[in-house]
Amino acid sequence: MSSTTHPVISCDGQGVDPAARIRYRSETLIHAPLHTVWHLQTDVERWPTWQAPVTGIERLDAGELRAGSAFRWTTPVPETPITPAATLVITSTVTHLTPYRCIRWAGPAIGDGLRIDNGVHVWTFTEVADGVLVRTEETWTGDQVEADTATSTAYLGYGLEAWLTDLKTAAEKAATDPGGDAPTSGD
1 MSSTTHPVIS CDGQGVDPAA RIRYRSETLI HAPLHTVWHL QTDVERWPTW QAPVTGIERL
61 DAGELRAGSA FRWTTPVPET PITPAATLVI TSTVTHLTPY RCIRWAGPAI GDGLRIDNGV
121 HVWTFTEVAD GVLVRTEETW TGDQVEADTA TSTAYLGYGL EAWLTDLKTA AEKAATDPGG
181 DAPTSGD
């Protein structure tokens with residue numbers, strides 16, 4: 001996508017790595033209240049309950065997610081022409097967060113035979129008439145993934161599209177199920 005036709009995705013003025021050769025951005029409209037979408041996305045310890053690809057997660061600090069918070073999570077990745085199938089261990093540190101508006105985190109992802117030196121991921125959440133417009137963009141850097149930017153970009157895109165689909169499904173289900181496990185606004 002071109003930044004001339006789409007708004008820049010940033011959190012507190014900070015976007016993804018502008019020099020990264022691997023990047024993907026997307027968006028989706030979620031028919032659910034902002035607080036539901038926000039709490040699903042920022043309650044990182046609960047990601048495995050609505051995102052099957054997240055097989056484990058550990059907060060490395062306590063309290064509300066905020067700038068400086070860190071978490072380590074795992075996700076399987078399939079074999080590609082340049083890497084074996086592996087389980088990635090991703091250590092993310094939140095660099096910017098504005099409640100109910102945006103979040104940005106960055107960090108490495110390492111697995112057997114696969115390394116992403118730095119991934120930078122930005123999410124924005126905008127209330128619109130029909131719900132919440134969620135935009136996301138992520139970049140990857142590192143010699144291994146940059147050896148085949150087309151394949152790496154395709155796999156990054158597949159992962160982000162799946163994440164958006166899972167977030168949309170979970171938020172819309174929570175919003176329409178009064179007896180369900182919908183997050184509540186605890187602010």
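Note that the UniProt record's numbering numbers the sequence shown so that position 146 is 146, with each residue one more than the last.
All C-beta atoms, glycine included, are put in the ideal place defined by N, C-alpha and C.
Flag this pair as yes or no: are the beta carbons of residue i and residue j separated by less than 8 Å?
i: valine 44; j: leucine 65; result: yes
i: glutamate 172; j: alanine 52; result: no
i: threonine 28; j: alanine 175; result: no
i: leucine 160; j: serine 10; result: no
Between the Cα of residue i and the Cα atoms of the options, which residue gives the shortest distance?
i: alanine 106; options: Val122, Asp12, Ser10; result: Val122
i: proline 84; options: Leu29, Gln144, Ala174; result: Gln144
i: leucine 97; options: Gln41, Ala20, Gly159; result: Gln41
i: threonine 126; options: Ala19, Ile103, Trp163, Leu114; result: Ile103
i: alanine 20; options: Ala147, Tyr158, Leu164; result: Ala147
i: lysine 168; options: Thr55, Val132, Pro108; result: Val132
i: leucine 164; options: Ile116, Ile30, Gly113; result: Ile30
i: alanine 170; options: Leu34, Val8, Gly13; result: Leu34
From residue i to residue j, what does the alpha carbon distance come to, in whole angstroms?
i: alanine 67; j: aspartate 166; result: 25 Å
i: alanine 129; j: arginine 135; result: 16 Å
i: tyrosine 100; j: threonine 141; result: 28 Å
i: aspartate 177; j: threonine 124; result: 25 Å
i: threonine 149; j: isoleucine 90; result: 20 Å
i: threonine 93; j: tryptophan 47; result: 16 Å
i: proline 183; j: proline 18; result: Legend: pLDDT at proline 183 = 48, less than 50; position of this residue unreliable, no value from coordinates given.
i: leucine 114; j: proline 76; result: 11 Å
i: proline 108; j: isoleucine 116; result: 6 Å
i: threonine 74; j: alanine 162; result: 16 Å
i: threonine 153; j: glycine 111; result: 18 Å
i: asparagine 118; j: glycine 157; result: 16 Å
i: proline 7; j: leucine 88; result: 31 Å
Please go through the same chain and pick out, in chain order, the residues whose beta-carbon is closer than 8 Å to the beta-carbon of residue i, but skip the five residues on each side of it.
i: threonine 151; result: Thr80, Pro81, Ile82
i: tryptophan 50; result: Leu40, Asp166, Leu167, Thr169, Ala170
i: valine 54; result: Trp47, Pro48, Trp73, Thr74, Thr75
Quick one: what's got a C-beta closer than 7 Å to residue i's C-beta in the same chain, skipping five residues either side?
i: valine 16; result: Arg23, Val120, Val122, Glu137, Glu138, Thr139
i: tryptophan 38; result: Tyr100, Phe125
i: phenylalanine 71; result: Val44, Ile57, Glu58, Arg59, Leu60, Ser92
Please list, in chain order, all residues of the same chain as residue i whose beta carbon is under 6 Å from its beta carbon, the five residues on each side excluded.
i: proline 78; result: Ala85
i: serine 69; result: Asp61, Val94
i: glutamine 14; result: His96, Arg104
i: methionine 1; result: The predicted position of methionine 1 is uncertain, since its pLDDT is 38 and thus under 50; a value taken from the coordinates is nonetheless stated next. For methionine 1, where only same-chain residues beyond five positions count, the Cβ hits under 6 Å are Arg25.
Kindly indicate which three-state DSSP category residue i falls into: helix, strand or coil?
i: alanine 32; result: coil
i: arginine 104; result: strand
i: glutamate 127; result: strand
i: valine 37; result: helix
i: alanine 162; result: helix
i: aspartate 117; result: strand
i: glutamate 138; result: strand
i: glycine 63; result: coil
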